[in-house]
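Asks: Heads up: the sequence shown runs through residues -23 to -1, 1 to 954, numbered per mature numbering (1 follows the signal peptide of the UniProt record, and there is no 0). Using N, Cα and C, we set each Cβ at its ideal position, and we do this for glycine too. Here the structure is a predicted model, which is why all the values come from computation and not from measurement.
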Amino acid sequence: MGSLTHLLLSVTVALGAVELISGYSFQNCIEVPFSRGKSFNCIRRKSKIMKDLIDGLPETAINLTITVNPVWQVPKNSFVKLPNLQNLRLDQNKLRAIEQFAFQKLNHLKSLNMSVNNISELNSSVFQDLHNLTFLFLTNNRLKQIPEGIFSNVLNLRTLTLRQNVLMNFSGIAESVSHLKHLTMLDLCFNNLTSLHSNASLPKSLTTLYICRNNLLTLGCKHSFLRFIQVLDFSYNSRLPAKAFQDVDLSRINYLRLRSSVKILEFLNISNVPVNHVDFSGTSLNNDTLLMELCRLLKKAKWIKDLNLDSNGIRNQTFDILRYCPEITRALNLSRNNLKSLGCLKFLMWQTHIKGITAEHNHFTSLPSCRKKGYFKDLEDLSYRYNRILSVNSHAFFHTPNLKLLKLNINTIAFLDRKALKGLKKLETLRLDNNLLTDLYNNTFEDLFNLQTLNLRNNRIAVIFNGTFLNLGNLTILDLGGNKITHIQPSGLEGLKSLSKFYLDGNNFKQIDTTLHSVFQDTLTTLDLQRNQICFLKEDVSYSPFMNLSRLSDLKLDGQQPYGLNILPRNLFRGLHSLKSLYLTNNEIPDLSPDVFDDLTGLKFLTLDNCCLGVAHLKPGVFKNLRNLTKLVLENMRMQNFSEEVFRNLTQLSQLQLNHNAIQSITLDALDSLHKLSYLDMRGSSLSCTCKNTLLQNWTVNNTKVQVVYLYNLTCPHDPKQKFYNFHTNVCYIDLGEYLFLSTALVIFLFTLIPVLYVKLYWRMKYSYYVFRSWFSERWRRLREEEENCKYDAFVSYNSSDEQWIMDQLLPNLEGKGSSFKLCLHHRDFEPGRYIVDNIVSAVYGSRKTICVVSKNFLRSEWCSLEIQLASYRLFDELRDVLLLVFLEPISERQLSSYHRMRKVMLKKTYLQWPGPDCIDPTQAQELFWNQLRRAIGTGSRLETEENYMSKGHATESNETEHCETYTSDENFYLLP
Ligand SMILES: *[C@@H]1O[C@H](CO)[C@@H](O)[C@H](O)[C@H]1NC(C)=O
Ligand SMILES: *[C@@H]1O[C@H](CO)[C@@H](O)[C@H](O)[C@H]1NC(C)=O
Ligand SMILES: *[C@@H]1O[C@H](CO)[C@@H](O)[C@H](O)[C@H]1NC(C)=O
């Protein structure tokens, strides 16, 4: 048995090993749903070994993301089994070593990201197979240098990012990239470069070069070295003197950033850079003199697109100066200065074509009324974010009537004059979020006919008054999230004829506003009611608040405060046939009615993550109409079972999340009914490692259709060291083992017993067989009838070798000599031609007694035994005393011992011993013998009582001398009466 178990075990283990490879789950990766085997994420795993991380990924993989892992090495040939990779992310690991042939065979790789690791060295042939590599990111490592020739085969490289390393040698870098004809971007910011000296030249294609935050002391490069560069960043090289640029050709520059670097005015004087393409942020131009000088220098150009004066420490705007500047055709940036006010932009009076103004992170406290001051007809974008604006006065934007985008968010606006936004008839986007607004008036937005997006999130609005949005007929997005709205007045939403996305999350609604359905019938697509205080008290609502929202596709009702929705009315979602996503998480719903989702026939996504109170019992039919559902999240619902009746109709379901439930087992029927299932997440579930899950285990490991997320990490609830995928199912065959054991034992037992029985019961069986046979042919009955009127007084059973004694002694003494018993002798009375057994049977039953003449030869004869058997059968079973034993010669106990039946008879009855010639007085003894025998034959055969049956003693001692003595004395010789 032991070795059998062992064998089964090793077969199981061997199968397990094979299954690992064919199974549809990955040790440490998740196949991105719907990516059809092309995208994989291996994120936040514990493995330090690259091979373990990507073990088992299929060849089809194109995108592979391995991040936030403790893996420290990329050994050679790591990805040879993934030759189709195009995008490989290895960032945010602990990589220290990249072996020489780490990326062998990745001919198709386009993008390789190894940022945020600890790489301090690269082998010069590490990228040699990456012929198609286009993007290489090595940000935030410890590279000191780039080995020569490292990019010799990477001829398609376009973007190379080496930010945040400790590179010191620029010429090495220049040499290694000089032949890259497609390289357009090189980022070397945050390194330790001290000069740009190099003998090689940069490729012509290189147009973007970032060298910010190095230790440049000089440029040291040839005149033409930066000739083709268009975007150049030299910021934060504070030790770089302006004169370094003296002989450097920057004529093609489109954008140059020099923040916290050279003395800007000095630089402008020296360089041939197109002045209007320089970014002046952070260049310490903080007073009128400097700004005046700047403008004078800028005048070299007729116009300037963007004038960026961000972070210059400008305190107040004696900004008449800007009149000396060339025309700003696009935008002015005044962010991060110390400005207290921009007035009504008077300083820009001469900049009539300016399109955008950004003045974030200053110290504005209010926006004045600008009713009659100036007029900026081209100004479209205005941003005052991150100031301290408390009040916005009436007509604050009257001078900028063509604004399309106005950002007033992240201020402290508590007072927005009713007429503050007067005149903004072109405004499309208004950001007022993150302020302190409490009231909106019915004329606040009066003029904003064109407004499309209005963001009022995170204010303190409590009520939406009638007519607030009356004129916003073009508004498509209204964000009122994070306020304190308790209700909307009956016509509060009137006018919002185009509204498509409405965010009301994080307010204080206690019920779903009934005005909704009348307003947005054909426009609303998204309605966010998360984190309100909505709660239902009845199983039914009088009518569904969403009834007429025929285009609603996104509905969020999750996280109602403080105790959830409480009840989800059965008819809440009536009519929502268009709905595509429904969020109901965190709602403490005790019970989901089985028809609550019945109308959601178009639903594709449903999340019930932590929706419910206590143990969720999903009722059969609850999802019955969700035939278009593709993703279902049932996390954390304390579900205990997963039944086919509940999930049966989800025929389009492809992604199912069952994490963190108490489901102990899942039947395959239930899973099989989900025909389209391709992603099953059961992490944190408590699937038991017991026999009821053997089929599930087999399915999870062997199916090729459904990805079971991190299957190989699912542990057994009773023993976290054991894994679900390989818990020993052979314990489940213990029953079978028992059967095997029992049946084997039985077979062995029978094999032992049969020979014993054969030896012991041979005759009884044989006899039974004959009896059966006779009985079967109905002779038995006839024979028994015959017995009633016996033909013979005694049937004499003897061995032919004793025939002499029969003829000489027995016959004369019993048939002749006055006693006229009729004896049956086989050689004389058996019917010739009859089957001998039948003869014997009929002789035994046709005679009153059976005399067995026992001698050694008799015992050896088979037929004689049968006769004894038959007679003793009558003795024991029919209680007819028919057997008379006559011993012709002394037979010892030992000799008798093998004739079990005979011994039994002898113990039951006494027997007659023929007194042999060596007795003291043979004649007298023989006389006595015959008398006894005659008497015995003469008695009736029917046994009267049990008593009669008992023997009074045993004349059993069979040693030969004692025999004679026994028979000489009468008392010692007896037969039954
Ligand atoms: C692979 O990644 C790229 C870049 O991130 C992305 O554009 C593309 O859609 C991804 N492909 C697949 C099949 O997910
Ligand atoms: C590079 O990529 C293109 C298109 O993706 C492909 O046709 C070509 O075979 C690739 N080159 C190499 C060397 O694999
Ligand atoms: C790199 O430069 C920084 C200062 O910019 C310095 O602290 C650091 O020691 C330098 N590292 C190396 C390796 O030279």
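Can you list, in chain order, the residues of its chain whose CB lies under 7 angstroms from that of T342, leaving out five sequence neighbours each side?
Replies: Counting only residues of its own chain and dropping the five nearest sequence neighbours on each side, T342 has a CB closer than 7 angstroms to the CB of R365, I366, L367.
Asks: So which of N626, S558, L691 has the shortest CA-CA distance to L657?
Replies: Answer by Cα proximity: L691.
Asks: Quick one: Cα of I441 to Cα of T491, how far?
Replies: 14 angstroms
Asks: Name, in chain order, the residues that DSSP records as bridge partners for N587.
Replies: Beta-bridge pairing links N587 to no other residue.
Asks: Going straight from the alpha carbon of D895 to that of T827, what length do you get?
Replies: 28 angstroms
Asks: Note down, one range per segment and in chain order, each alpha helix (DSSP H) of at least 4 residues found wholly within the segment 764 to 817.
Replies: 788 to 791, 803 to 806
Asks: Which residues have their C-beta within less than 5 angstroms of a heavy atom of ligand 1, listed in chain order?
Replies: S12, K15, S16, N40, N64
Asks: Are the beta-carbon atoms belonging to E780 and I817 less than 9 angstroms from one another?
Replies: no
Asks: Provide the residue span of the beta strand (DSSP E) that contains Q699, from first to last.
Replies: Per DSSP, the continuous beta strand (DSSP E) segment holding Q699 begins and ends at 696 to 700.
Asks: Can you check which of these residues, K354, N314, N118, is closest to I331 by C-alpha distance?
Replies: With respect to the C-alpha of I331, the residue from K354, N314, N118 having the closest C-alpha is K354.
Asks: Just checking my contact of L556 with L580 at CB under 8 angstroms: how many whole Å lie between their CB atoms?
Replies: 6 angstroms
Asks: Excluding the five sequence neighbours on either side, which residues of its own chain have a C-beta within less than 8 angstroms of the C-beta of R216, listed in chain order?
Replies: N192, L193, L194
Asks: How many Å lie between L233 and D410 at the Cα?
Replies: 34 angstroms
Asks: Which word fits K396, buried or exposed, when buried means at least 16 other C-beta atoms lie within 10 angstroms of its C-beta?
Replies: buried
Asks: What's the call for P789, buried or exposed, on a 16-neighbour Cβ count within 10 Å?
Replies: exposed
Asks: Looking at the secondary structure, which residues open and close the beta strand (DSSP E) in which R307 lies?
Replies: 304 to 310
Asks: Closest by CA to Q634, which one among V592, W676, Q684, T671?
Replies: Q684
Asks: Is it buried or exposed for A722, if we count other Cβ within 10 angstroms and need 16 for buried?
Replies: In the assembly as shown, A722 is an exposed residue. Its beta-carbon has fewer than 16 other beta-carbons within 10 Å.
Asks: Which residue or residues does DSSP assign as beta-bridge partners of F353?
Replies: Partner(s): none; F353 has no beta bridge.
Asks: Is L717 buried or exposed, if buried means 16 or more other CB atoms sit within 10 Å of its CB?
Replies: exposed
Asks: What's the C-alpha gap between N339 and M269?
Replies: Counting only the Cα atoms, M269 lies some 22 angstroms from N339.
Asks: Does any residue of chain B bring its CB to less than 9 angstroms from the CB of I241?
Replies: Of the chains in the structure shown, none is chain B; there is only one protein chain.
Asks: Could you tell me if D649 is buried or exposed, where buried requires 16 or more neighbouring beta carbons within 10 angstroms of its beta carbon?
Replies: exposed
Asks: Buried or exposed: N293, going by 16 or more other Cβ atoms within 10 Å of its Cβ?
Replies: exposed
Asks: Which residue's Cα is closest to the Cα of L383: S237, A373, K799, R805?
Replies: A373
Asks: Note the first and the last residue of the continuous alpha helix (DSSP H) segment covering N64.
Replies: From DSSP, N64 is part of no alpha helix (DSSP H) but of the beta strand (DSSP E) over 64 to 66.
Asks: What are the boundary residues of the beta strand (DSSP E) that includes K28?
Replies: No beta strand (DSSP E) holds K28; the alpha helix (DSSP H) holding it covers 27 to 31.
Asks: Count the other CB atoms, across all protein chains shown, that sit within 10 Å of the CB of T900; report buried if there are 16 or more and exposed otherwise.
Replies: exposed
Asks: Give the single residue among K276, K402, Y363, Q4 whose Cα lies nearest to the Cα of L385.
Replies: Y363
Asks: Using beta-carbon positions only, say whether T463 and Y480 come within less than 9 angstroms of one another.
Replies: Contact: no.
Asks: Classify W676 as helix, strand or coil using the three-state DSSP reduction.
Replies: helix
Asks: What residue does the beta strand (DSSP E) around D358 start on, and which one ends it?
Replies: 358 to 360
Asks: So, V48 versus K71, is the Cβ gap smaller than 9 angstroms?
Replies: yes
Asks: When you compare only the Cα positions, how much space is there between T500 and Q466?
Replies: 20 angstroms
Asks: DSSP three-state call for C19: helix, strand or coil?
Replies: strand
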